[in-house]
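**Q**
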Amino acid sequence: MMKRGVSYNGLDCLADASSDAYMKYKHQLQAEIPWVSQTKYAKYTVYFGIATIFVAFVKQIYYKYRDYTYRSKQSSNFGTSLIDIWISYCRYYGYKQLPTWLTYFSIPGSVGSALYMFLSSLYMLCYCLVPHFWYRGCAGFGSSPLAVRAGLMATALTPFIYVLAGKSNAITLLTGISYEKLNTFHQYTGVACFILSVIHVVPFIYQDLAEGGSSNLKMNFKDSFEYYSGIPPLILLGLLCILSKSYIRKVVYELFLHAHWMMGIAYFGTLIWHINKELGADDYMWGALAFWATQIIYRILMKTAFKPNAMFLRSRQAQLEKLGSDGVYQVVIGNTTGVNWKPGQHCYLRFAGVRILDSHPFSIASVDEEDKTAMKFIIKAQKGLTRKIYQELDKLITSNKNVYVDGPYGGTFRDPRSFERVVLLATGTGVTATLPFLTYLAKTDSIVKRVSFIWIVRLQEDIHWVKSELQECQKLGGSKIDIHIHVAAKKSIYTKGDFEKEIESEETNLNEEDWLIDYGKPSVTSILKLMAGSLAARNMIVCSGSDSLKREVSSIVSELQSLVFNNDLVRSNVEEIYLHTESFGW
Numbered sequence: 029m030m031k032r033g034v035s036y037n038g039l040d041c042l043a044d045a046s047s048d049a050y051m052k053y054k055h056q057l058q059a060e061i062p063w064v065s066q067t068k069y070a071k072y073t074v075y076f077g078i079a080t081i082f083v084a085f086v087k088q089i090y091y092k093y094r095d096y097t098y099r100s101k102q103s104s105n106f107g108t109s110l111i112d113i114w115i116s117y118c119r120y121y122g123y124k125q126l127p128t129w130l131t132y133f134s135i136p137g138s139v140g141s142a143l144y145m146f147l148s149s150l151y152m153l154c155y156c157l158v159p160h161f162w163y164r165g166c167a168g169f170g171s172s173p174l175a176v177r178a179g180l181m182a183t184a185l186t187p188f189i190y191v192l193a194g195k196s197n198a199i200t201l202l203t204g205i206s207y208e209k210l211n212t213f214h215q216y217t218g219v220a221c222f223i224l225s226v227i228h229v230v231p232f233i234y235q236d237l238a239e240g241g242s243s244n245l246k247m248n249f250k251d252s253f254e255y256y257s258g259i260p261p262l263i264l265l266g267l268l269c270i271l272s273k274s275y276i277r278k279v280v281y282e283l284f285l286h287a288h289w290m291m292g293i294a295y296f297g298t299l300i301w302h303i304n305k306e307l308g309a310d311d312y313m314w315g316a317l318a319f320w321a322t323q324i325i326y327r328i329l330m331k332t333a334f335k336p337n338a339m340f341l342r343s344r345q346a347q348l349e350k351l352g353s354d355g356v357y358q359v360v361i362g363n364t365t366g367v368n369w370k371p372g373q374h375c376y377l378r379f380a381g382v383r384i385l386d387s388h389p390f391s392i393a394s395v396d397e398e399d400k401t402a403m404k405f406i407i408k409a410q411k412g413l414t415r416k417i418y419q420e421l422d423k424l425i426t427s428n429k430n431v432y433v434d435g436p437y438g439g440t441f442r443d444p445r446s447f448e449r450v451v452l453l454a455t456g457t458g459v460t461a462t463l464p465f466l467t468y469l470a471k472t473d474s475i476v477k478r479v480s481f482i483w484i485v486r487l488q489e490d491i492h493w494v495k496s497e498l499q500e501c502q503k504l505g506g507s508k509i510d511i512h513i514h515v516a517a518k519k520s521i522y523t524k525g526d527f528e529k530e531i532e533s534e535e536t537n538l539n540e541e542d543w544l545i546d547y548g549k550p551s552v553t554s555i556l557k558l559m560a561g562s563l564a565a566r567n568m569i570v571c572s573g574s575d576s577l578k579r580e581v582s583s584i585v586s587e588l589q590s591l592v593f594n595n596d597l598v599r600s601n602v603e604e605i606y607l608h609t610e611s612f613g614w
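Add 28 to the 1-based position in the sequence shown for this note's numbering, that's all there is to it.
#1: Since I believe Gln58 is in contact with Gly165 (beta carbons under 8 Å), could you give me their beta-carbon distance rounded to a whole number of angstroms?
#2: Hey, Val479 and Leu463: beta-carbon distance below 8 Å or not?
#3: Exposed or buried, what is Asn197 when buried is set at 16 or more other beta-carbons lying within 10 Å of its beta-carbon?
#4: Just verifying my parser: in three-state terms, what is the DSSP assignment at Asp95?
#5: Can you name the start and end residues of the beta strand (DSSP E) that Ile509 belongs to?
#6: Using the three-state DSSP reduction, which class does Ile189 fall into: helix, strand or coil?
#7: Per DSSP, what are the beta-bridge partners of Pro389 in this structure?
#8: Measure the C-alpha to C-alpha separation of Gln345 and Tyr123 and round it to an integer number of angstroms.
#9: What residues are listed by DSSP as bridge partners for Lys404?
#10: Within 10 angstroms of its Cβ, does Gly561 collect 16 or more other Cβ (buried), or is it exposed?
#11: Just tell me which of Phe447, Cys269 and Val219 has its CA closest to the CA of Asp473.
#12: May I have the straight-line CA-CA distance separating Ala184 from Gly194, to the nearest angstrom?
#13: Relative to the ligand SAM, is the shortest distance from any of its heavy atoms to the C-beta of Gly548 smaller than 7 Å?
#14: Can you check which of these residues, Asp443, Ser104, Leu174 and Pro136, is closest to Lys579 by C-alpha distance?
#15: Going straight from the alpha carbon of Asp422 to that of Arg415, what length do you get?
#16: Tell me whether Cys41 sits in a helix, a strand or coil according to DSSP, three-state version.
#17: How many whole angstroms separate the CB atoms of Asp386 and Leu413, which I take to be in contact at a CB cut-off of 8 Å?
#18: Could you tell me whether the segment 438-446 touches the segment 369-384, where touching means 3 or more Cβ pairs closer than 8 Å?
#19: Residue range of the beta strand (DSSP E) that Tyr547 falls in?
#20: Does any CB atom of chain B fall closer than 8 Å to the CB of Gly362?
#21: Alpha carbon to alpha carbon, how far is Met181 from His160?
#22: Looking at the unbroken beta strand (DSSP E) that takes in Val570, where does it start and where does it end?
#23: Three Cβ pairs or more, each shorter than 8 Å: is that satisfied between the segment 280-288 and the segment 241-260?
#24: With DSSP collapsed to three states, give me the class of His228.
#25: Compare the Cα-Cα distances from Leu42 to each of Gly506, Tyr418, Gly241 and Ala454 and report the closest residue.
#26: Name the one or two DSSP bridge partners that Val433 has.
#27: So, using beta-carbon positions, are Ile12 and Phe379 closer together than 8 Å?
#28: Could you tell me if Gly458 is buried or exposed, where buried requires 16 or more neighbouring beta carbons within 10 angstroms of its beta carbon?
#29: Answer yes or no: do Thr217 and Leu264 have a C-beta to C-beta separation smaller than 8 Å?
#30: Could you pull the start and end residues of the alpha helix (DSSP H) that Arg277 belongs to?
#31: Which residues mark the beginning and the end of the alpha helix (DSSP H) in which Val581 is found?
#32: Output the residue ranges of the alpha helix (DSSP H) runs that lie fully inside the segment 151-199 and measure 4 residues or longer, sorted by chain position.
#33: Have a look at Val83 and Met290 and give me their C-alpha separation to the nearest angstrom.
#34: Anyone know if the C-beta pair for Ala309 and Ala70 falls short of 8 Å?
#35: Given that a residue counts as buried once 16 or more other Cβ atoms are within 10 Å of its Cβ, and exposed if not, what is Asp490?
#36: Can you tell me where the alpha helix (DSSP H) with Tyr50 in it begins and where it stops?
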C-alpha cells in the first residue's frame, strides 16, 4: 500500500476536496489543459496513418504508370532514373533481414518493415509522453491528461486494426499491398493499441493508490463506471495480441481463427460500452464498424459462394489425387465460373463434409485463361484439415469432393510482362506460386526476354507434380524459358508395380526434356549471385517456399541493389530489381 495523504499546494487531495481553494485549483488546471482540447491527439494519430497510406498509394500509382509506359516503350529519362536510384537505396535497406530471434517478439523479418514500425512507435510514444503535465495534482481535479490522450490515441488506432484485418480491405485497394503482407501491421497496430491502453490505465491506478490506498482503488473499481467498464476491453485486447503470436497460431490454428473473430467482436462491443460517447471517441468506433462491415459485405458478395449469378450458394466439384507417397496431393476444380485470378494469387478452400467450418489458403498453380482452365492446387499435408483430407485419400487414392471457394486474394500489383528478365525461385510445393508466372509469361506477349525457373525439390519424382505444365511452357516459350531443377536428396525412390527401388543419384547434371537437373542441395546465394552478370535493365524476382529461403533471397536481392545505385561505376545498365515473395508459411 502506498503512502496516503497526497497534497497539492498545501491542500489534502481527499480531506480538502470540498474547499474553495480546491475548486479554484481545479478550474485553473482544467483551463491550462482543457479536457475537450485533447481530442487532437486522436486526430493526429489518424492523420499519421492516413499519411502512410497516401505514400503507399502514390508508390502504387507510380509503379503502374512505370510498368505501362515501359512495356510500350523500353526507355528511361533523367527523372525516372533518379527515382529508380532512390528506390534501389530504399530496397537495399528494406530487403535486408533482421536476426531470426527478433521475429519471436513479433518484429517483422525485413529491416524496412521493422524500421517503419520503430519510427511509428517513436512518434506515438513521444506524442503521448512528451507533453506535460501528466497529472493534475489531485485526481479530483479531473482525469489525468496522460490517461486521456493515451486512451484517445488507442481508440483512434482501432479503425486501422479492423481495416487491416480484412482479406478484402480498403488499404489493399489503395496501396496494392495484399492483406497477408499487411497482417504484420495488423498485429503491430493491435499491440500499439494495447500499450497505449495500459498507459491510459496506469495514471488512474497510480493516483488512487497514492491518495487513498488500495481501499480507494477497490471502491472506484466497484462503483465507478469509467473503471469497471474498462476491464473487459483491456483483457480482450491483451488476449487478442497474445494469441496472435505466430508460434501459437501454428500449434492451434483453428482454435486461434475462431477465437480471434469472436474476441474481436466482443472487444469492439465492450470498448464502445466503455467509451460511453465521451469526447466523441465513439465516432472512431463507428468508422471502424463502417469499414469492417463494408469489407465483409464486399468479400461475401464478390469472393465467396454468396456471389450473385456465379454458383450462388453452390459448391464446386473438385477431383483430388495423391501425388506420390510423401503426403502431397492435388486438388483440381474444373468449374471456375465466376472466378478470375492472376499469377501468384491464392484461394481459401472449404471442403464439404470435412471439417466444414475450417478453410485454408492455397496458392493457385494454374493460370486463368479465356477457355477457363481448371483451378489447380498442390497441397502438402501438414496437420488439421490438410492431414485429414490426405488420410481419406490414403484409402481411396482418388476422390471427388464438393468445395467452396473463397477468393482469389494476394499476388502482386506489378505487371510481370513489364520486366525484361524474370527469375522464379521456389522450393517444394512453393512451386504453386511461381508456376503460374511461368505459364502466364510463356503464353502471353510481353517484353520479357528471359525467364529463369528455378525449383528445388527433395526427390526427383516430385518433378512429376507439374511435369506436363513445364513441358507445355518449354514448348511455347522456347529459348526464352530456362528451367533448372535441383534435386536435394541423394536418393530417389521409383515405384513400379508393387516394387520400390532406391537409386543413388549421381552428382552430375542431367537433362529431362530441355531442363537442367542438378543433384545435391544447392546454394541459393550462389545461384542468384551468378545471375548478377546476366540481369537485364528491369528485373523481377519471385520467391516462394520456406521462411529460410525467403530470408536468404531477400538478403541477396538487397545486395544486388548496388547494381542500380552504382550503375555509373560498375556499368551494369540495371535500372530495377524488384522482389516479390509469398508471405504465407503453410
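Glycine is no exception: its CB is placed at the ideal position from the N, C-alpha and C atoms.
**A** Reading it off the structure:
#1: That belief does not hold up - the Cβ atoms of Gly165 and Gln58 are roughly 11 Å apart, past 8 Å.
#2: Val479 is not a Cβ neighbour of Leu463, given a cutoff of 8 Å.
#3: Label assigned to Asn197: buried.
#4: DSSP places Asp95 in helix when its eight states are reduced to three.
#5: Counting along the chain, the beta strand (DSSP E) containing Ile509 begins and ends at Ile509 to Val515.
#6: In the structure shown, the three-state DSSP call for Ile189 is helix.
#7: Tyr376.
#8: Rounded to whole angstroms, Gln345 to Tyr123 spans 41 Å at the Cα level.
#9: Lys404 is bridged to Val360.
#10: Counting Cβ neighbours within 10 Å, Gly561 comes out exposed, since fewer than 16 surround it.
#11: The shortest CA-to-CA distance from Asp473 to any of Phe447, Cys269 and Val219 is the one to Phe447.
#12: Each residue's Cα considered, the two are about 18 Å apart.
#13: Among the components of this structure there are no ligands whatsoever, and the ligand SAM is therefore not found.
#14: Sequence check: residue 579 is Arg here, not Lys. Relative to the Cα of Arg579, the nearest Cα in the group Asp443, Ser104, Leu174 and Pro136 belongs to Pro136.
#15: Cα to Cα, Asp422 sits roughly 10 Å from Arg415.
#16: Of the three classes helix, strand and coil, the one that applies to Cys41 here is coil, per DSSP.
#17: With a Cβ gap of about 5 Å, Asp386 and Leu413 count as contacting.
#18: In this structure the segment 438-446 lies against the segment 369-384, because at least three pairs of beta carbons, one per stretch, are closer than 8 Å.
#19: Its beta strand (DSSP E) spans residues Trp543 to Tyr547.
#20: Protein chains in the displayed structure number just one, and chain B is not present.
#21: Straight across, the Cα-Cα distance linking Met181 with His160 is about 16 Å.
#22: Counted as a single uninterrupted DSSP element, the beta strand (DSSP E) harbouring Val570 occupies residues Arg566 to Ser572.
#23: With a cut-off of 8 Å on Cβ pairs, the segment 280-288 is not in contact with the segment 241-260, counting fewer than three such pairs.
#24: Per DSSP, reduced to three states, the secondary structure at His228 is helical.
#25: If you compare the alpha carbons of Gly506, Tyr418, Gly241 and Ala454 with that of Leu42, the shortest gap goes to Gly241.
#26: Its beta-bridge partners are Leu377.
#27: The chain is shown from 29 up to 614; residue 12 falls before or after that span and cannot be answered.
#28: It is buried - the Cβ of Gly458 has at least 16 other Cβ atoms within 10 Å.
#29: Going by beta carbons, Thr217 and Leu264 fall outside the 8 Å limit.
#30: Where Arg277 is concerned, the enclosing alpha helix (DSSP H) starts and stops at Ser274 to Val279.
#31: From DSSP, the alpha helix (DSSP H) with Val581 extends over Asp575 to Leu588.
#32: Those alpha helix (DSSP H) runs which fall completely within the segment 151-199 and span 4+ residues are 173-192.
#33: Going by the C-alpha atoms only, they are around 33 Å apart.
#34: It is a contact, given that the beta carbons lie within the stated cut-off.
#35: So Asp490 counts as buried.
#36: Counted as a single uninterrupted DSSP element, the alpha helix (DSSP H) harbouring Tyr50 occupies residues Asp48 to Glu60.
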